[in-house]
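Input: a single structure, listed below in structure tokens.
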Amino acid sequence: MAVTGLHLLLTYECPFECDHCFVWSGPNARRGTLSISDLRMILREGRKIGTVKFVYFEGGESFLYYPVLLKGLRMAREAGFGVGIVTNGYWATTLEDAIEWLKPLKAIGIQDLSVSDDSLHYGEDEENRAAKAVKAAEALGLPVSSIAIEMPKSRKRGPGRKGKPVEGGALMIKGRAATNLAWKMPKHPWRGFAKCTHEDLENPQRVHIDPFGYVQVCQGISIGNFRETPLSEILRNYKPRDDPIVGLLLRGGPAALARAYGVPHEPGYVDECHLCYEVRLALREQFHGILAPDQVYGLFA
73 MAVTGLHLLL TYECPFECDH CFVWSGPNAR RGTLSISDLR MILREGRKIG TVKFVYFEGG
133 ESFLYYPVLL KGLRMAREAG FGVGIVTNGY WATTLEDAIE WLKPLKAIGI QDLSVSDDSL
193 HYGEDEENRA AKAVKAAEAL GLPVSSIAIE MPKSRKRGPG RKGKPVEGGA LMIKGRAATN
253 LAWKMPKHPW RGFAKCTHED LENPQRVHID PFGYVQVCQG ISIGNFRETP LSEILRNYKP
313 RDDPIVGLLL RGGPAALARA YGVPHEPGYV DECHLCYEVR LALREQFHGI LAPDQVYGLF
373 A
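Right, here's the structure in full:
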């Protein structure tokens, strides 16, 4: 398992509550954040792993915990990692103010600022703060890009960039999207979803690490908890074919997962992620430690 990227979900909290969010982020998300001590531990383990090159700070919305974000970025740079941030730009109230928010990031030397800028984040009648955030970053000479997710519509099924971070394009139906958006989209026969087309579960290039310690190869599929087992050990001991969830996904995709455990299902689903998410939701009692955390399945208690 040659992981090159650690994606740190600094918090699940977010000022927005987007219909398409993979992890059900929002103002009512489960409270919690990765502490400076947590970040120090993760970065130390990241160096032990030996293959990690890049650390991303995400959420939720990582700018909600701005002092911790800045400290984490500095520590990651000092440890020799490239660093990036994903944000919705809620903090960019004016161009002048946005520049002040970003000046410390310029000093730290971040390699990427990805700003969510689409109608799922900012409706047609809303002030688009993401655009101001992008302009401010450009004014400072920061490397910046926009993440734009397409609105739900009929679409062709086809492979994406497997195992890569989402940088825009077609919507994936998991998390809140499975509840709020799937009903309005065309469905395809469930048997056809015979492989995972979005994540390289055999040899992941990145993992997501959340405020509650879970190390996830896909949102809601955990392979350990860094509060219980060192991160380097979790990754070293990862045996995907032996995992009761991942193994089936590798052998036959979400359809195999549904079939193997006899999960009741609908005749059709929007995409692979939709079927996989709904099957995992039904299996959580049986595999609670793997199909975690609760937050990713819309449970905030």
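Under this note's numbering, the first residue of the sequence shown carries the number 73, and numbering increases by one thereafter. No residue lacks a Cβ here, since even glycine has one placed at the ideal position from N, Cα and C.
Self-check item: Collapsed DSSP secondary structure at H260 in the structure displayed
Solution: Indexing the sequence shown from 1 puts residue 260 at position 188. It is a strand residue.
Quiz item: Just reading off the beta strand (DSSP E) that T269 is part of, what are its end residues?
Solution: Residue 269 sits at position 197 when you count from the first residue of the sequence shown. Here T269 belongs to no beta strand (DSSP E), and DSSP marks it neither H nor E.
Quiz prompt | Reference P302, options V95, G118 and P339, closest by Cα | solution = Locating residue 302 in the sequence shown gives position 230, counting from the first residue. Comparing Cα-Cα distances from P302 to each of V95, G118 and P339, the minimum goes to G118.
Quiz item: If we call anything under 7 Å between Cβ atoms a contact, is T105 one with Y137?
Solution: Within the sequence shown, numbered from 1, the residue matching residue 105 stands at position 33. Within the sequence shown, numbered from 1, the residue matching residue 137 stands at position 65. Their beta carbons are under 7 Å apart, which means T105 touches Y137 by this criterion.
Exercise. Put Y162 into one of helix, strand or coil per three-state DSSP.
Key: Counting from 1 along the sequence shown, the entry for residue 162 is found at position 90. Of the three classes helix, strand and coil, the one that applies to Y162 here is coil, per DSSP.
Quiz item: Would you call the segment 241-250 and the segment 89-98 touching, i.e. three or more CB-CB distances under 8 Å?
Solution: yes
Quiz prompt | In chain order, each alpha helix (DSSP H) run of at least 4 residues that lies wholly inside the segment 304-365 | solution = 318-332 and 344-355
Quiz item: Contact between the segment 148-155 and the segment 116-131: three or more CB pairs below 8 Å?
Solution: yes
Self-check item: Counterpart residues of S294 in DSSP-defined beta bridges
Solution: Counted from its first residue, the sequence shown places residue 294 at position 222. S294 is bridged to Q288.
Quiz item: So is K204 buried or exposed if we call it buried at 16+ other beta carbons inside 10 Å?
Solution: The residue labelled residue 204 in the question sits at position 132 within the sequence shown. So K204 ends up on the buried side.
Self-check item: Cut-off 8 Å between Cβ atoms - residues of its own chain near V342, not counting five sequence neighbours on either side
Solution: Position 270 of the sequence shown holds residue 342. Only I245, A254, M257, P258, K259 and H260 meet the Cβ criterion.
Quiz item: Looking at the unbroken alpha helix (DSSP H) that takes in E117, where does it start and where does it end?
Solution: Along the sequence shown, read from residue 1 onward, the residue named residue 117 stands at position 45. Element bounds for E117: I108 to I121.
Quiz item: For V368, which residues from the same chain have a beta carbon less than 6 Å from its beta carbon, with the 5 sequence-adjacent residues on both sides left out?
Solution: Against the sequence shown, residue 368 aligns to sequence position 296. These residues qualify, in order along the chain: V95, Q291 and G292.
Quiz item: Is G144 helix, strand or coil by DSSP?
Solution: If you number the sequence shown from 1, residue 144 lands on position 72. Three-state DSSP puts G144 in a helix.
Quiz prompt | Rounded C-alpha distance that separates L81 from H337 | solution = Against the sequence shown, residue 81 aligns to sequence position 9. Against the sequence shown, residue 337 aligns to sequence position 265. Cα to Cα, L81 sits roughly 31 Å from H337.
Practice problem: Tell me, to the nearest whole angstrom, how far the beta carbon of L212 is from that of L174; I am working on the premise that it is less than 8 Å. | Solution: Counted from its first residue, the sequence shown places residue 212 at position 140. Counted from its first residue, the sequence shown places residue 174 at position 102. Right, their Cβ atoms sit about 6 Å apart.
Quiz item: Nearest-angstrom Cα distance between S294 and I180?
Solution: One-based indexing of the sequence shown puts residue 294 at position 222. One-based indexing of the sequence shown puts residue 180 at position 108. Each residue's alpha carbon lies about 31 Å from the other.
Quiz item: Going along the chain, which residues of its own chain have a beta-carbon closer than 6 Å to the beta-carbon of Q288, five neighbours each way excluded?
Solution: What you label residue 288 is simply residue 216 of the sequence shown in a count that begins at 1. Contacts found: H280 and S294.
Quiz item: For T76, is the classification buried or exposed, using 16 other Cβ atoms within 10 angstroms of its Cβ as the cut-off for buried?
Solution: Indexing the sequence shown from 1 puts residue 76 at position 4. T76 is exposed by the Cβ-count criterion.
Practice problem: Would you please state the rounded distance, in angstroms, between the beta carbons of W262 and A364? I believe it to be under 8 Å. | Solution: Locating residue 262 in the sequence shown gives position 190, counting from the first residue. Locating residue 364 in the sequence shown gives position 292, counting from the first residue. Contact doesn't hold; Cβ gap of about 24 Å is too wide.
Quiz prompt | Of the listed residues L177, E172 and A220, nearest to L141 (C-alpha basis) | solution = On the sequence shown, position 69 is the one that residue 141 refers to. Nearest C-alpha to L141: L177.
Exercise. Reducing DSSP to helix, strand and coil, say where G77 ends up.
Key: As a working note, residue 77 is residue 5 in the sequence shown. G77 falls in the strand class under three-state DSSP.
Self-check item: Run of the beta strand (DSSP E) containing L185, from where it starts to where it stops
Solution: In the sequence shown, the residue the question calls residue 185 occupies position 113. Counting along the chain, the beta strand (DSSP E) containing L185 begins and ends at D184 to S188.
Quiz prompt | Per DSSP, cross-strand counterpart(s) of E199 | solution = Residue mapping note: residue 199 aligns to position 127 of the sequence shown, counting from 1. According to DSSP, E199 bridges with nothing at all.
Practice problem: Give every residue of the same chain whose Cβ lies closer than 8 Å to the Cβ of M73, excluding the five residues on either side of it in the sequence, and list them in chain order. | Solution: Mapped onto the sequence shown, residue 73 falls at position 1. Closer than 8 Å at Cβ, skipping near neighbours: N275, P276, L307, R308 and Y310.
Quiz item: I219: beta carbon under 6 Å from a heavy atom of the ligand COA?
Solution: Here there are no bound small molecules, and the ligand COA is not part of this structure.
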